[in-house]
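*Asks:* Submitted below is the structure of interest, expressed as structure tokens.
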Amino acid sequence: MDKRASVRDVISFLCRKDMLPNKRYLVVFLLLSTVSEHSDPLLETFSIFRQELKGIEQILCICENENAFTCWKDLIKARYGIDISGRCIYQLSFAEIDGTILSLLSENRKACRFLPCGGGSKVLLEKKVEGSLSALDVLCVNQCEGGNGDMATIEENFYKGGKVSWWNFFFSEQPGCTPFIKRDKFDFIVNTVIPDLRSWRKSRSFNLQHVTGCGGTTLAKHILWNLKNDFRCAVLKDHHSDMAATAVQVVKLLTFGYNELPPQIPVLLMIDGFVDTDMVSDLQQCIEQQCVKAKIQSTSPK
Numbered sequence: 001m002d003k004r005a006s007v008r009d010v011i012s013f014l015c016r017k018d019m020l021p022n023k024r025y026l027v028v029f030l031l032l033s034t035v036s037e038h039s040d041p042l043l044e045t046f047s048i049f050r051q052e053l054k055g056i057e058q059i060l061c062i063c064e065n066e067n068a069f070t071c072w073k074d075l076i077k078a079r080y081g082i083d084i085s086g087r088c089i090y091q092l093s094f095a096e097i098d099g100t101i102l103s104l105l106s107e108n109r110k111a112c113r114f115l116p117c118g119g120g121s122k123v124l125l126e127k128k129v130e131g132s133l134s135a136l137d138v139l140c141v142n143q144c145e146g147g148n149g150d151m152a153t154i155e156e157n158f159y160k161g162g163k164v165s166w167w168n169f170f171f172s173e174q175p176g177c178t179p180f181i182k183r184d185k186f187d188f189i190v191n192t193v194i195p196d197l198r199s200w201r202k203s204r205s206f207n208l209q210h211v212t213g214c215g216g217t218t219l220a221k222h223i224l225w226n227l228k229n230d231f232r233c234a235v236l237k238d239h240h241s242d243m244a245a246t247a248v249q250v251v252k253l254l255t256f257g258y259n260e261l262p263p264q265i266p267v268l269l270m271i272d273g274f275v276d277t278d279m280v281s282d283l284q285q286c287i288e289q290q291c292v293k294a295k296i297q298s299t300s301p302k
């Protein structure tokens, strides 16, 4: 039996309805190099899967770069008359693809932490990397999932005047729970101020002026929680931290997982307790200097 027949037999066996239920699985072609020859075995394998699955709806092609995607698309178009563009991913790094796939599994969402990368993709925030961001309390897209926070104790502490925690927002989103009350200016900041800031090329800041104990910190954290899928959010743990070292960590959070590609979404950093606004300006300047060193374009998507 030649190799082609052997491959076809294996694929036919795997695609049997009594082996794998129809429409319940996905065949992924991972193209780590450019496929440019009509005689390439991968192209024939694609054809066999297409025939067995009666279409390409259950096929996904992940290409290393745009050139690999273009060659693959053109080969399939020329040989089979099919446009595979809608079934291909080529604009994400492999770290983003890996993180996005991992985040789809509930057990991973409970055991791991993920950062947003733009366009709904995610990247796994490794413990070693998070440990290196010691000045920042990083807010992940799956914050609190899989944790064991005591709802009654945490809520009682908050309503008695304690500081708000991420758990308060997490609990408020669970079925049967009361949504977290939006404080004054919440919608204005989320829908007007933040989008306006994103239109600027450089790092920007805005101040929430509030009287101690009147909910300013709670409002700021609620905004971060609401935007954790659109920004890489973090809270500065100690405003006495070294500015230059903090800037390095902020830029590391910004660029993590992109593998030399331009960052797609900005960092939203909350700084609580700064009395002197000049200190905020100093940190801002350090961040911009670090971006220049890292050769990062500061434009963020609108």
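Counting from 1, one number per residue, gives the positions in the sequence shown under full-length UniProt numbering. We treat Cβ as the ideally placed atom computed from N, Cα and C, and that holds for glycine. Owing to the predicted nature of the structure, the values given are computational and were not obtained by experimental measurement.
(1) Grouping DSSP H, G and I as helix and E and B as strand, with all else coil, what is Arg4?
(2) Counting only runs that start and end within the segment 15-64, where is the alpha helix (DSSP H) found for 4 or more residues in a row?
(3) Round the Cβ separation of Gln143 and Lys228 to the nearest angstrom and send it over; I've been treating them as touching at under 8 Å.
(4) Using DSSP with H/G/I as helix, E/B as strand and the rest coil, what is Pro195?
(5) Below 8 Å, how does it come out for the segment 106-119 and the segment 144-161: are there three or more Cβ pairs, yes or no?
(6) Just reading off the beta strand (DSSP E) that Val235 is part of, what are its end residues?
(7) Just the C-alpha distance for Gln285 and Met279, rounded to the nearest angstrom, thanks.
(8) For Thr165 and His240, what's the separation of their Cα atoms in angstroms?
(9) When DSSP builds the beta bridges, which residues end up paired with Val138?
(10) Tell me the residue span of the alpha helix (DSSP H) that contains Ser106.
(11) Keeping to the same chain, check which residues put their C-beta closer than 6 Å to that of Lys221; ignore five residues upstream and five downstream.
(12) What would DSSP say about residue 307, mapped onto helix, strand or coil?
(13) Return yes when the Cβ of Val129 is within less than 8 Å of the Cβ of Gly99, no when it is not.
(14) The beta strand (DSSP E) spanning Gly118 covers which residue range?
(15) For Glu82 versus Cys61, is the C-beta spacing smaller than 8 Å?
(16) Would you identify the three-state DSSP class for Val10, choosing helix, strand or coil?
(17) Does the segment 175-184 come within contact of the segment 198-210, defined as at least 3 CB pairs closer than 8 Å?
(18) Quick check on this structure: which residue in Asp150, Gly55, Thr70 has the alpha carbon closest to the alpha carbon of Phe170?
(19) Out of curiosity, what's the CA-to-CA distance linking Lys17 and Glu44?
(20) Output needed for Leu30: all residues of its chain with C-beta closer than 6 Å, excluding positions within five of it in sequence on either side, in chain order.
(21) What first and last residue would you give for the beta strand (DSSP E) that runs through Val123?
(22) Suppose the cutoff is 6 Å on Cβ atoms and the five residues either side in sequence are ignored; what does the same chain contact list for Cys233 look like?
(23) Give the DSSP-derived three-state secondary structure of Val129 in the structure shown.
(24) Figure out for me which residue from Thr218, Lys54, Lys293, Leu236 has the closest Cα to the Cα of Thr255.
(25) Closest to Val27 by C-alpha separation, out of Leu14, Thr34, Ser36, Val35, would be which residue?
(26) So the candidates are Asp242, Asp40, Gly257, Pro21; which of them puts its Cα closest to the Cα of Leu136?
(27) Who does Leu268 pair with in a DSSP beta bridge?
(28) Have a look at Leu197 and Gly215 and give me their C-alpha separation to the nearest angstrom.
(29) As a quick exercise: from Pro266, Ile189, Gln249, pick the residue whose alpha carbon is nearest that of Trp200.
(30) Identify which residue in Asp74, Gly120, Ile97 has its Cα closest to the Cα of Phe231.
(31) Compute the distance between the beta-carbons of Ser103 and Gly257, then report whether it is under 8 Å.
*Replies:* By the coordinates alone:
(1) Looking at Arg4 - three-state DSSP - the assignment turns out to be helix.
(2) Note on the segment 15-64: whole alpha helix (DSSP H) runs with a minimum of 4 residues are 41-53, in chain order.
(3) Confirmed, about 7 Å.
(4) Secondary structure of Pro195 (DSSP, three-state): helix.
(5) Contact between the segment 106-119 and the segment 144-161 is present, with at least three C-beta pairs closer than 8 Å.
(6) Start and end: 232-236.
(7) Roughly 10 Å between the two C-alpha positions.
(8) Note on residue identity: the sequence assigns Ser, not Thr, to residue 165. For Ser165 and His240, the distance between alpha carbons rounds to 21 Å.
(9) For Val138, which the question treats as bridged, DSSP gives the partners Ala234.
(10) Its alpha helix (DSSP H) spans residues 106-111.
(11) The beta carbon of Lys221 is closer than 6 Å to those of Val164 in its chain, skipping five residues each way along the sequence.
(12) Residue 307 lies beyond the stretch modelled for the chain, which goes from 1 to 302, so this question has no answer here.
(13) Their beta carbons are not under 8 Å apart, which means Gly99 does not touch Val129 by this criterion.
(14) From DSSP, the beta strand (DSSP E) with Gly118 extends over 114-118.
(15) The sequence given here has Ile at residue 82, not Glu. At a Cβ-Cβ threshold of 8 Å, Ile82 and Cys61 do not count as neighbours.
(16) In the three-state reduction of the DSSP assignment, Val10 falls in the helix class, which pools H, G and I.
(17) With a cut-off of 8 Å, the segment 198-210 and the segment 175-184 do not count as touching, because too few Cβ pairs lie within range.
(18) Among Asp150, Gly55, Thr70, the Cα nearest to that of Phe170 is on Asp150.
(19) Across the structure, Lys17 and Glu44 are spaced so that their CA atoms are roughly 22 Å apart.
(20) Around Leu30: Ile62.
(21) In the DSSP assignment, Val123 falls within the unbroken beta strand (DSSP E) covering 121-124.
(22) Answer for Cys233: Leu139, Leu224, Leu268, listed in chain order.
(23) In the structure shown, the three-state DSSP call for Val129 is helix.
(24) Checked all of Thr218, Lys54, Lys293, Leu236; the closest Cα to Thr255 is Lys293.
(25) Looking at the Cα atoms, Leu14 is the closest of the given residues.
(26) Closest in C-alpha terms to Leu136, from the list Asp242, Asp40, Gly257, Pro21, comes Asp242.
(27) Per DSSP, Cys233.
(28) Spanning the two alpha carbons is a distance of roughly 23 Å.
(29) Selected option, being the one with the closest Cα: Pro266.
(30) Residue nearest to Phe231 within the set Asp74, Gly120, Ile97 is Gly120 (criterion: CA-CA distance).
(31) Not closer than 8 Å, so no.
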